[in-house]
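Below: one structure, written as structure tokens.
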Amino acid sequence: MANSLNVSTDAVVQKPTNSAPANSNGAPNTATNGAIATQVQNTTHAFAQVKSEEWSAEKSAQVYGINNWGSGYFRINPNGNVSVTPQGDKGPSVDLYELTQELQDRGIRIPIMIRFPDIIKSRVELLHGCFQKAFADHNYKGQYCGVYPIKVNQQRHLVQELVKFGKDVKLGLEAGSKPELLVVLSLMNTPNAVIICNGFKDTEYIETALLAQKIGREIIIVVDRKDELKIITETAKKLNMRPKIGFRAKLNTQGAGKWVDSAGARSKFGLTAIEIVEGVEFLKKQNMLDCLELMHYHIGSQVPSIQSIKSSLKEAARFYTELYSLGANLKYIDVGGGLGVDYDGSGSSDSSINYSEQEYANDVVSTIQTMCDEKNVPHPNIVTESGRALVAHHSVLIFNVMGVNNLYRSEPPVPATKKDPSIMQEMQYTFEKLTADNINECFNDLLQSKNETLNLFTYGVLNLTQRAWCESMFFTIATKILTMAQSLPDCEDIVSELRQTLCDTYFCNFSVFQSVPDSWAVGQLFPVMPIHNLKQEPCHEATLADLTCDSDGKIEKFIDTETGEVKSTLRVHPFAEGDAPYYLGVFLTGAYQEILGDLHNLFGDTDAVHISIHDSGYTVDHYIPGDTVTEVLTYVQYGRAEMVDNVRQYTEESINKGNITKQEAKSLIKHYEEGLSGYTYLEEME
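In structure tokens form, the structure reads like this:
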């Protein structure tokens, strides 16, 4: 259904709420301290106002690096919201904040996985165009055969969209298992597009692949282990067929980055030089050497360095020319995956790349051409298995902040007296004497007081109430110093350290393990940022905690656009319960995240939508409801009927004992059944 996008474009401005800590007696702050508290509040508010007036959407773009990792698909619009622009700034766009609100008006629930198929179309065309340009520039005689490995994301609508958008450029598919092969055969009908069969194979897998040749599919079965070669030839003879065979070479060259161990001499798959020569001899004896049409290799996923790609290409191309000289009727060289995605825009980390798609295509084509020309070998068709590069950009996870653990304190506790321990009196003095002239001295005194407080409590000098006072005063002094230091020269180190010290924890409505598991499992860096309020300064630092009861259920690695390094906090806007909804987005989640997600704490799939963008607005192409509690429970062998019946029996027993009324029992069963039918994530009460 089309949408006219008539929602107001005014950005929602979040305003900080300052909560005063209780004093040592649990009573409100006294009037004697009111003047100091007012001074701190006024200073804080005045500074915030000045900074807000100086802030702009362009500064937010620098803070979050969106113009670097966004690849032209994401940008901040004049309203201070994130826009999605699949065709770049010249094409149609959609305001992500408005879209999120309107999807909720349709009954689609937060968290939402939003997929943009137009970005997939753009990525398919981009990669194909890069290789066509490289072929033309180098006068290369082979053809380009792009292949999408569906293990990257097997969602049906996504694979269907890739097949549709890839039809004109003959985009093929790769299967790495028997179930994936069955998926590929049901969806793939593009004439002359290549289907690559990888992974462990049994007779059924191989027979299915061979029979599919008879319905016109260009299927190449890659030998990942030497034992598979015998099964392929025997099955082909039984079916009276000539198979199309590929050899996967186990290169000595390794890639780089987080997945470097998936390649090299100790990699899981592939044939050694000895096994390749033995395989050629075996095929000669079977009179099937002409069936060997493809040489394949893989150097790992998300390769950050073009130098690693070049090194592997040289070794692989040498394998190809040598196989050709041994009599193999080779037609294809499959360079595998590895084409990276720039997740952080730095160009210098494992989550980034130091090359463009065009540079990648140029190096692949020129290296293979050079090595083949040296040996007078015809230029092969080039197969790439780029999955991450095709689909990572198209998917965005949107979630809301449910609450915050805020350490900022604008009001001090009741003043310490001469009867209180000396550490309390010293901290009171530090708070009162702080000025711009002695800010460094007071900062050092503050750090020393923190250590002394912990030691004095440990040795019984301070009681719990006194320690609580010291902690409250510590955060009050830290807030006052930070507020003052941000407007002073040569205080960058103080500002940096105190922002970390006063870091908030934002409690967010999502599961890291379900929606961005690589963030937890391998430390993958994903772009995270607010999707609105970006004309206001994000003046707080925070880490993001998810809904799971797991200490690892958090995101605490973020892009530092100033240094190119990874930092442990995210710049955010102040938030307090009762404020308007505050939405954050995790971007570039389209590769691996959904399919690797697990059911930690039984949080299931989120609601998902496919959004097409056009000049008149957008269209919701598909809505895929997230898991209900009942659906998730069936995955771990729980039956709804039995569970409801058990709870009914327990309520009947409690009614008979007088512990619960019939009306209360009815209400419990009603809530229980509604809970089983509901979303696994937190929902707003209607």
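Mapping the sequence shown onto the numbering used here, position 151 (from 1) lands on 974, and the numbers just tick up by one.
Yeah, the Cβ is synthetic: ideal placement off N, Cα and C, and Gly gets one too.
Of the listed residues the options, nearest to residue i (C-alpha basis)
i, options, result
"E921", "S906, Q978, G930 and S1128", "S906"
"T1371", "Q910, C1331 and S1342", "C1331"
"L1393", "D1402, A1403 and A1368", "A1368"
"Y1147", "D1165, V1200 and T1190", "V1200"
"H1445", "F954, H980 and N891", "H980"
"S1000", "V1046, G930 and K1037", "V1046"
"S1233", "N1286, L1325, F1142 and D1196", "L1325"
"H1363", "I1317, T1386, H1396 and S1338", "H1396"
"P1312", "N1263, E1417, K1480 and T1366", "N1263"
"Y967", "I1191, I931 and S1171", "I1191"
"K1107", "V1126, S1131, F1092 and K1053", "K1053"
"N1177", "Q1125, C1195 and S1218", "Q1125"
"M1118", "P1127, I1129 and V1100", "V1100"
"K1049", "A1096, H961, K956 and L996", "A1096"
"D1438", "S1342, G888, K913 and P901", "K913"
"N1261", "L1277, S1218 and M1307", "M1307"
"H1423", "L1491, W1343, A1488 and E1465", "W1343"
"Q1130", "I1317, E1182, N1274 and M1111", "E1182"
"A1403", "N891, P901, S879 and Q924", "Q924"
"L1407", "V1443, D1375, N1356 and E1400", "N1356"
"G893", "E877, K964, W878 and Q910", "Q910"
"G1198", "E1145, E1320, K1489 and I1205", "According to the sequence shown, residue 1198 is Lys rather than Gly. That would be E1145, whose Cα lies nearest to the Cα of K1198."
"P1244", "G969, L1230, N1229 and S1272", "S1272"
"C1293", "V1455, E1249 and Q1323", "E1249"
One or two residues paired with residue i in a DSSP bridge
i, result
"C1331", "V1224"
"C1020", "A998 and I1044"
"H1119", "R1071 and D1157"
"G911", "Its beta-bridge partners do not exist; DSSP assigns none."
"V917", "V907"
"C968", "V1206"
"F897", "V907"
Contact under 7 Å by Cβ, residue i with residue j
i, j, result
"Q1251", "P1238", "yes"
"A817", "L1115", "What the structure shows of the chain is the stretch from 824 to 1509, and residue 817 is not part of that stretch, so it cannot be assessed."
"V1409", "L1220", "yes"
"Y1441", "V917", "yes"
"P1350", "L1411", "yes"
"V1224", "F1426", "no"
"I1068", "I1044", "yes"
"D1430", "I943", "no"
"I1122", "S1135", "yes"
"R1071", "G1093", "yes"
"V1452", "L1499", "yes"
"I937", "V1432", "yes"
"D1383", "K1390", "yes"
"G1159", "Y1120", "yes"
"Q1036", "I1029", "no"
"E1051", "K1073", "no"
"V1227", "D1341", "no"
"S817", "G1413", "In the structure displayed, the chain extends from 824 to 1509; residue 817 sits before or after that span and is not available."
"D1196", "K1133", "no"
"G1449", "D1428", "yes"
"Y1502", "R932", "yes"
Supposed close pair residue i, residue j - CB separation, criterion 8 Å
i, j, result
"T1240", "I1300", "That belief does not hold up - the Cβ atoms of T1240 and I1300 are roughly 18 Å apart, past 8 Å."
"L950", "S1209", "6 Å"
"F939", "I1436", "7 Å"
"V1188", "F958", "6 Å"
"Y1143", "P1203", "7 Å"
"Q1347", "G1420", "That belief does not hold up - the Cβ atoms of Q1347 and G1420 are roughly 13 Å apart, past 8 Å."
"D1167", "S1175", "5 Å"
"V1006", "I973", "6 Å"
"Y1415", "N976", "7 Å"
"H1216", "Y1495", "Wrong, their Cβ atoms sit about 42 Å apart, outside the cutoff."
"L1285", "L1279", "5 Å"
"T1013", "L994", "7 Å"
"G903", "A880", "5 Å"
"V982", "L1010", "6 Å"
Check: residue i C-beta below 6 Å from any heavy atom of the ligand FMN
i, result
"E1400", "In the structure on display, the ligand FMN does not appear, and there are no ligands present to speak of."
Q.
Runs of 3 residues minimum, wholly inside the region 1403 to 1466: which ones carry the beta strand (DSSP E) assignment?
A. Within the region 1403 to 1466, the complete beta strand (DSSP E) runs of at least 3 residues are 1406 to 1409, 1430 to 1437 and 1440 to 1447.
Q | Whole alpha helix (DSSP H) elements within the region 1471 to 1502, 4-residue minimum | A | With a minimum length of 4 residues, the unbroken runs of alpha helix (DSSP H) contained wholly in the region 1471 to 1502 fall at 1485 to 1500.
(Q) Extract the residue ranges of the beta strand (DSSP E) inside the region 1313 to 1394, only unbroken runs of 3 or more that lie entirely within it. (A) Within the region 1313 to 1394, the runs of beta strand (DSSP E) at least 3 residues long that lie entirely inside it are, in chain order, 1327 to 1331, 1351 to 1353 and 1363 to 1368.
Q | 3-residue-minimum beta strand (DSSP E) runs that sit fully inside the region 1201 to 1268, ordered along the chain | A | As far as the region 1201 to 1268 is concerned, its whole beta strand (DSSP E) runs of at least 3 residues are 1204 to 1207 and 1218 to 1228.
Q: Scan the region 921 to 957 and note each continuous beta strand (DSSP E) run of 3 residues or more that stays entirely inside, going in chain order.
A: List check, beta strand (DSSP E) in window: 935 to 938.
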